[in-house]
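Numbering (UniProt numbering), first residue to last: 1 to 733. We treat Cβ as the ideally placed atom computed from N, Cα and C, and that holds for glycine.
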């Protein structure tokens, strides 16, 4: 195999583009560090434009960033309040039954659910950035907290300590969420992929529905475990407690709620019917249980609810070594889950209105309201999808709708709470069942199966883990599988061989575009990921294997592989191990007489390649190009020069000998072709030696091309052989 490298490995026949790769740009370490940290923790650059403001305005802008209410409150109008009032009253009618229901799901006193719908929404209205989110308790987090805490402190053994750990878990949830927001660590929430959330929510909905059979059948005893086997065993173990009265009433409530949902789908303008349907079930069920004395006839009721707003619970926070680990574990897992759900809901609703929300500000808002909630008899709250969707469709304009809801809940706590004592438990179970049916995303499961089988496996791991084991196992296994997949993408990045299309103007993956043409004597490889110690060894072996395969295919077609072009446009960064890997690849190819060229390296990569001496000492700056097209053009000139030298060594030079300048930089300045005069009229011309021809012939800037005969030859005709290569061989990779 040959190479076009001359003395010192420099090409003598390269052609450069009008623009070259900037190999001199270097940033100070402080600037590079500052840029990296800014892109990692401040990708949205929230404080851009602050630098030109006076100190007072800068401070006020920073305060408005952390307290969004200062942004929208001065512009608030009566017209907006009309919409927020309607939305707030609507979500309050949903918050009452859901608050009581989810508190019962967590095995807490029902009044705690109402407390949790009073204080947290007020704080979110001040610190939250979403105009559509409605704050409240959620079923998945309620059950997750109960499953973790009850495993350490059974509620029946010590209900007071059980409640205290709930408050403490909410406190740690708030601390963790606030810290994530302040330190811009929202990327941690990104480890909860959409597939994980879909599978986890689906599995949680399944076990919650099964657990509601306790209330639907009027049972008094039930298992504290969440797996489907334990739940089904418990249902049949206590079958002597089944009450047909509760079952019949529950079926009636289910039909009413399901019909209201169908009505909303057929007539979206009547969304308010489905929104107030749960509240109507509570009211109707309470009246019915009061009239027939349901508690005495197989229809258990909620029981006494204390009148009054939230009592302080700061003294009930427990930080003893024995229980603090349980509280931290429960607070961390439920907090991350609540963040993922709340931020996802807020973003999805904001996109519909073409609005933007700041995930880090949302974390701070959630954290503050959970810290305050833990001190005012509340447990974990976030932005549930069902309540937020109702708030959105009710026409909310600002977070003021949460304030209206809080005022409504306050009135209920002060004056109406005792009336809900007659609420049948079967009514609450019916409300939960209908709410959980919406969490079965069957279309999403099918979509994942069609689009990405690995994502479908991640989803199913979460679903099966939650249903057959525990919620923690299901969530952890799915996250672990997602992380493994991400690591595999880093450790085993994709590389591809590029072929030419559109006359050499476009270069594409030959596997994706089988009709792309191979480039004779040249192999173009595209590297599409950062090069780190994790994947350096794999990339070395993969590049050398590409070269071996290409050499075998080239020999079959009677050609030699002489150039390998590495497209580094997709390599966003490289470490020292990666640079060493490129050096090893260059050394291996150089032994075979193969020249390596680089194209389009990014600034971060170029800096390190220059500082390490890789470009100067091994590749040579003349073999670094801006585009693949430029590199291939240079390779073709190198091939033509090699063929010209071989031809001149075999036969004497005739008029028409191709001359190349000895300085490759001349070729980088301009591309011109000049046809010299016709052959000498002397009947017996004496052919000069090749060396003399190269010296005696005029030396234009970019080489002088003299062909036999006196015919004028255009540039396009001259280069047609090289710019339009013959049809590619029939081997593809």
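Between the C-alpha atoms of residue i and residue j, what's the straight-line distance to the nearest angstrom?
{"i": "residue 502", "j": "residue 635", "result": "19 Å"}
{"i": "residue 367", "j": "residue 158", "result": "28 Å"}
{"i": "residue 469", "j": "residue 237", "result": "20 Å"}
{"i": "residue 552", "j": "residue 335", "result": "57 Å"}
{"i": "residue 97", "j": "residue 117", "result": "11 Å"}
{"i": "residue 471", "j": "residue 480", "result": "14 Å"}
{"i": "residue 80", "j": "residue 69", "result": "14 Å"}
{"i": "residue 601", "j": "residue 629", "result": "14 Å"}
{"i": "residue 652", "j": "residue 643", "result": "In this prediction, residue 652 scores a pLDDT of 49, lower than 50, which makes its location untrustworthy; the coordinate-derived value is nonetheless stated afterwards. Answer to the nearest angstrom: the Cα atoms are 15 Å apart."}
{"i": "residue 559", "j": "residue 27", "result": "44 Å"}
{"i": "residue 221", "j": "residue 488", "result": "47 Å"}
{"i": "residue 251", "j": "residue 217", "result": "10 Å"}
{"i": "residue 234", "j": "residue 317", "result": "33 Å"}
{"i": "residue 570", "j": "residue 183", "result": "29 Å"}
{"i": "residue 109", "j": "residue 432", "result": "16 Å"}
{"i": "residue 497", "j": "residue 564", "result": "11 Å"}
{"i": "residue 191", "j": "residue 486", "result": "10 Å"}
{"i": "residue 302", "j": "residue 179", "result": "38 Å"}
{"i": "residue 55", "j": "residue 46", "result": "17 Å"}
{"i": "residue 637", "j": "residue 608", "result": "29 Å"}
{"i": "residue 72", "j": "residue 345", "result": "21 Å"}
{"i": "residue 384", "j": "residue 134", "result": "7 Å"}
{"i": "residue 215", "j": "residue 111", "result": "18 Å"}
{"i": "residue 542", "j": "residue 32", "result": "31 Å"}
Hey, residue i and residue j are a contact pair by Cβ (cut 8 Å); roughly how many whole angstroms apart?
{"i": "residue 478", "j": "residue 199", "result": "6 Å"}
{"i": "residue 375", "j": "residue 115", "result": "Not quite, the Cβ-Cβ distance comes to about 11 Å (not below 8 Å), so this is no contact."}
{"i": "residue 66", "j": "residue 371", "result": "Their Cβ separation, rounded to whole angstroms, is 15 Å, which puts residue 66 and residue 371 out of contact at 8 Å."}
{"i": "residue 567", "j": "residue 524", "result": "7 Å"}
{"i": "residue 547", "j": "residue 589", "result": "7 Å"}
{"i": "residue 527", "j": "residue 539", "result": "7 Å"}
{"i": "residue 490", "j": "residue 518", "result": "The pair is not a contact, with the Cβ atoms about 30 Å apart (cut-off 8 Å)."}
{"i": "residue 196", "j": "residue 482", "result": "6 Å"}
{"i": "residue 224", "j": "residue 150", "result": "5 Å"}
{"i": "residue 21", "j": "residue 582", "result": "The pair is not a contact, with the Cβ atoms about 16 Å apart (cut-off 8 Å)."}
{"i": "residue 437", "j": "residue 332", "result": "Not quite, the Cβ-Cβ distance comes to about 29 Å (not below 8 Å), so this is no contact."}
{"i": "residue 373", "j": "residue 120", "result": "5 Å"}
{"i": "residue 350", "j": "residue 573", "result": "Not quite, the Cβ-Cβ distance comes to about 32 Å (not below 8 Å), so this is no contact."}
For residue i, is the classification buried or exposed, using 16 other Cβ atoms within 10 angstroms of its Cβ as the cut-off for buried?
{"i": "residue 24", "result": "exposed"}
{"i": "residue 320", "result": "exposed"}
{"i": "residue 623", "result": "buried"}
{"i": "residue 442", "result": "exposed"}
{"i": "residue 99", "result": "buried"}
{"i": "residue 314", "result": "exposed"}
{"i": "residue 698", "result": "Any reading at residue 698 is ruled out, since the residue's pLDDT is 40, under 50, leaving its predicted position unreliable."}
{"i": "residue 311", "result": "exposed"}
{"i": "residue 30", "result": "exposed"}
{"i": "residue 451", "result": "exposed"}
{"i": "residue 393", "result": "buried"}
{"i": "residue 156", "result": "exposed"}
{"i": "residue 248", "result": "exposed"}
{"i": "residue 586", "result": "buried"}
{"i": "residue 358", "result": "buried"}
{"i": "residue 36", "result": "exposed"}
{"i": "residue 742", "result": "Past the boundaries of the shown model lies residue 742; the chain is included only from 1 to 733, so the question cannot be answered."}
{"i": "residue 356", "result": "exposed"}
{"i": "residue 533", "result": "exposed"}
{"i": "residue 550", "result": "buried"}
{"i": "residue 287", "result": "exposed"}
Should residue i be listed as close to the ligand FMN, given that the test is whether its C-beta is under 7 Å from any heavy atom?
{"i": "residue 628", "result": "Among the components of this structure there are no ligands whatsoever, and the ligand FMN is therefore not found."}
**Study point:** Inter-stretch contact (C-beta, 8 Å, three-pair minimum) for the region 85 to 92 and the region 393 to 403
**Key:** yes
Check your understanding: Quick check: the region 448 to 464 against the region 248 to 256, are there 3 or more CB pairs under 8 Å?
Key -> no
Practice item. Give, in chain order, every unbroken run of the alpha helix (DSSP H) that is at least 4 residues long and sits entirely within the region 358 to 416. Key: 359 to 374, 385 to 393, 400 to 411
Review point. At which residue ranges does the region 44 to 68 contain complete beta strand (DSSP E) runs of 3 or more residues, listed in the order of the chain?
Key: none
Practice item. At 3 residues or longer, and completely inside the region 508 to 583: list those beta strand (DSSP E) runs for me, N to C. Key: 522 to 527, 563 to 567
Exercise for review: Pair every Cβ in the region 328 to 346 with every Cβ in the region 140 to 155, then say whether three or more of these pairs are closer than 8 Å.
Suggested key: yes
Check your understanding: Just checking, does the region 164 to 171 make contact with the region 422 to 430 on the three C-beta pairs under 8 Å criterion?
Key -> no
Review point. Would the region 259 to 276 and the region 407 to 418 be scored as touching if the rule is three or more Cβ pairs under 8 Å?
Key: no
Practice item. Report the residue ranges of all alpha helix (DSSP H) runs contained in full by the region 189 to 247; include only those spanning at least 4 residues, in chain order. Key: 194 to 211, 213 to 216, 228 to 237
Check your understanding: Three or more C-beta pairs closer than 8 Å, one from the region 321 to 333 and one from the region 269 to 284: is that the case here?
Key -> no
**Study point:** Completely contained alpha helix (DSSP H) runs for the region 113 to 169, where each covers 4 or more residues
**Key:** 119 to 127, 139 to 152
Check your understanding: In chain order, which alpha helix (DSSP H) runs of at least 4 residues are fully inside the region 591 to 628?
Key -> 603 to 611
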